[in-house]
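Each remark here refers to the structure printed beneath this line.
2 protein chains.
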Amino acid sequence: MTTANLAPAENAIDTGAQHIRDVIREAIVERRLAPGTKLSENDVGGLFNVSRTVVRAALQALSYEGLVTVEKNRGAFVAYPSVAEAQQIFATRRLIEPGLLREAARHLEKRHIKELRALLAEEDRLTSERGQSARRAEIKASGDVHLALAAITGNAILQRFMDELIARSSLVIALYGQSVVSSCGHAEHQQIIDALEKGDVEAACTLMLKHIDHIEADLDLRTTKRDSNLKDALLL
Amino acid sequence: MTTANLAPAENAIDTGAQHIRDVIREAIVERRLAPGTKLSENDVGGLFNVSRTVVRAALQALSYEGLVTVEKNRGAFVAYPSVAEAQQIFATRRLIEPGLLREAARHLEKRHIKELRALLAEEDRLTSERGQSARRAEIKASGDVHLALAAITGNAILQRFMDELIARSSLVIALYGQSVVSSCGHAEHQQIIDALEKGDVEAACTLMLKHIDHIEADLDLRTTKRDSNLKDALLL
DNA sequence: CTGCCTAATATTGTATACAATTGAAATTCG
DNA sequence: CGAATTTCAATTGTATACAATATTAGGCAG
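Top to bottom, those sequences are chains A and B. The opening residue of the first sequence carries number 88 in my numbering; numbering runs sequentially from there. The opening residue of the second sequence carries number 88 in my numbering; numbering runs sequentially from there.
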């Protein structure tokens with residue numbers, strides 16, 4: 088117990104539960120698990136060869152970060168964000184990310200730029216690739232850019248908040264996204280990093296706000312199909 | 088299921104666990120439970136007349152919001168924030184609260200002002216009262232002002248982030264606070280609300296930043312006594 | 001008397017068993 | 001034939017039992 092303990096949010100909870108949580112989380116963020124899908128404790132437990140006890144712990148953690156909805160005596164479901172929720176997620180991102188960018192700029196080093204460039208290149212590579220698998224990876228890569236910026240701040244709390252916001256954004260995009268996010272999204276990421284590298288932090292902030300606006304504008308929030316009755320009907 | 092469901096973060100988890108979580112949480116925030124205190128599953132369970140199962144769920148939730156530290160095979164303890172953690176908490180608050188204030192101003196109505204005034208009056212009342220119990224209530228009341236501002240935004244995610252930040256701030260103040268927070272803290276709250284009522288949002292933001300600076304300045308972060316070995320020795 | 005090693009105790013991690021609640025199918029009555 | 005009610009199956013909520021790990025106490029050698 089010498090080095091660790093610096094990242095307070097890195098609470099191990101339980102070994103097995105942490106793994107299950109990570110796997111399900113990734114599946115949700117990459118849209119392999121559709122919103123509304125039932126996550127039966129028995130099924131999940133059987134899948135991972137563990138008892139319901141540990142599955143419950145994982146589902147509870149996911150519920151806390153808004154990726155899973157737990158209904159009493161009914162079980163856990165992949166979250167199905169409402170329009171109001173979606174708007175709150177992006178409002179919160181607009182509130183946090185410019186400040187996050189300024190804070191990242193204060194800690195910025197050359198190696199960080201290199202890391203960011205590598206992420207952009209990966210994103211670029213995926214954009215030109217075809218197939219659903221590439222599309223999934225692209226969604227994740229897009230979020231990773233924002234998470235990398237959060238990591239630069241060295242602020243574990245901020246990182247966790249962003250973790251949650253990015254994951255939930257992915258869910259929202261999965262539900263309400265119209266076009267593929269890529270086209271505009273990737274170019275904007277590049278512009279933000281460019282501005283950051285030039286030292287023009289305020290320009291980067293402005294670009295970031297526009298970027299978030301664009302993501303939200305690409306959503307089709309008109310759909311009132313977020314009626315839980317209808318939803319149940321469709322999925323059963 | 089007509090009205091509810093609007094607050095997505097209000098996941099019920101478990102009935103019993105939720106209650107235990109709330110009680111322990113309040114005890115930590117009000118400093119009745121000292122940082123570092125062991126929270127044995129058996130003891131807590133006996134106290135609430137429930138099995139370890141439900142206690143674990145509560146402790147896990149508390150761990151997720153940083154109020155409790157869970158060490159593998161060792162159990163749960165009331166969190167003992169490091170200096171680095173404390174700095175991150177306040178850095179995050181400085182990043183969020185000005186934006187939160189602007190967002191609150193957009194939704195501000197007369198009834199909100201009345202609510203805020205009532206909170207300030209309560210804070211004032213507690214300030215003039217003597218005794219440890221009043222001091223505890225004062226710490227909580229001070230946080231409530233910030234939480235009320237978050238509530239005005241109507242953004243449930245933002246509210247949850249602030250919930251966590253305020254709770255952890257209370258812990259930090261409990262550990263590192265020198266003087267009683269009240270004297271300067273309360274007057275500053277009043278100034279912020281005054282500026283808000285006048286419609287001068289930017290002034291309110293400036294005051295808020297200064298306010299957070301003052302809270303942090305009142306901490307004695309020099310103390311390197313955050314050595315877990317020493318801590319164990321002292322508490323046993 | 002001090003330091004280390006071993007054994008016992010206590011606490012957590014996980015699985016299983018039982019109770020309670022929900023959802024649906026089947027049956028009965030209008 | 002349709003609607004309401006009752007019964008049954010499945011799933012979650014909670015408690016308990018067992019396994020693994022850590023801490024503490026005791027003994028032994030130096």
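Glycine included, each C-beta is placed from N, C-alpha and C at the ideal position. Owing to the predicted nature of the structure, the values given are computational and were not obtained by experimental measurement.
- [ ] To the nearest angstrom, report how far apart A254 (chain B) and E210 (chain B) are at their CA atoms.
- [x] 17 Å
Open item on the list: Using beta carbons (cut-off 8 Å, strictly below), is A282 (chain A) in contact with chain B?
Closed with: no
Open item on the list: At the 8 Å Cβ level, is Y151 (chain B) part of the contact set with chain A, yes or no?
Closed with: yes
Open item on the list: With a threshold of 8 Å between beta-carbons, can A237 (chain A) be considered close to chain B, or not?
Closed with: no
Task: Backbone secondary structure at L321 (chain B) - three-state DSSP - done: The pLDDT assigned to L321 (chain B) is 37, lower than 50, so where the model puts this residue is not dependable; a value taken from the coordinates is nonetheless given after this. Helix.
- [ ] Mind checking who G218 (chain A) pairs with in its DSSP beta bridge?
- [x] Note: G218 (chain A) sits in no beta bridge, so no partner.
TODO: Assign R112 (chain B) to buried or exposed, taking buried as 16 or more other Cβ atoms, counted over all protein chains shown, within 10 Å of its Cβ.
DONE: buried
Task: Three or more C-beta pairs below 8 Å linking the segment 231-244 of chain A and the segment 183-195 of chain A - done: yes
Task: Straight-line Cα distance separating A178 (chain A) from H301 (chain A) - done: 13 Å
TODO: Kindly indicate which three-state DSSP category A163 (chain B) falls into: helix, strand or coil?
DONE: Under the three-state reduction of DSSP output, A163 (chain B) falls in the strand class.
TODO: Over the uninterrupted alpha helix (DSSP H) stretch that includes T156 (chain B), give me the two end residues.
DONE: Taken as a continuous stretch (DSSP letters only), T156 (chain B) belongs to no alpha helix (DSSP H), being part of the beta strand (DSSP E) at V155 to E158.
- [ ] In angstroms with no decimal places, state the Cα-to-Cα distance between G153 (chain A) and E251 (chain A).
- [x] 8 Å
Task: Helix, strand or coil at G264 (chain A) according to DSSP, with G and I counted as helix - done: Assigned with DSSP and collapsed to three states, G264 (chain A) falls in strand.
TODO: Excluding the 5 residues preceding and the 5 following G230 (chain B) in the sequence, name in chain order all residues of the same chain whose CB lies nearer than 8 Å to its CB.
DONE: V116, I253, A254, S256 and S257
Task: Residues of the segment 183-205 of chain A whose Cβ lies closer than 9 Å to any Cβ of chain B, in chain order - done: I183, P185, G186, L187, R189 and E190
Task: Under 8 Å between C-beta atoms of R118 (chain A) and A261 (chain A) - done: Yes, these two residues count as a Cβ contact at 8 Å.
Open item on the list: Would A228 (chain B) and L203 (chain B) be called neighbours here (beta carbons separated by less than 8 Å)?
Closed with: no
Open item on the list: Is there a C-beta anywhere in chain B that falls below 8 Å from the one on N242 (chain A)?
Closed with: yes
- [ ] Assign A274 (chain B) to buried or exposed, taking buried as 16 or more other Cβ atoms, counted over all protein chains shown, within 10 Å of its Cβ.
- [x] exposed
Open item on the list: Taking 8 Å as the threshold (beta carbon to beta carbon), is A290 (chain B) in contact with chain A?
Closed with: no
Task: Span separating the alpha-carbon of A224 (chain A) from that of M295 (chain A) - done: 22 Å
Task: Reduced DSSP category for L308 (chain A) - H, G, I as helix; E, B as strand; rest coil - done: coil
Open item on the list: Cutting at 6 Å between CB atoms, please list the residues of its own chain near A191 (chain B), excluding the five before and the five after it.
Closed with: So the qualifying residues of the chain are L236, I239 and T240.
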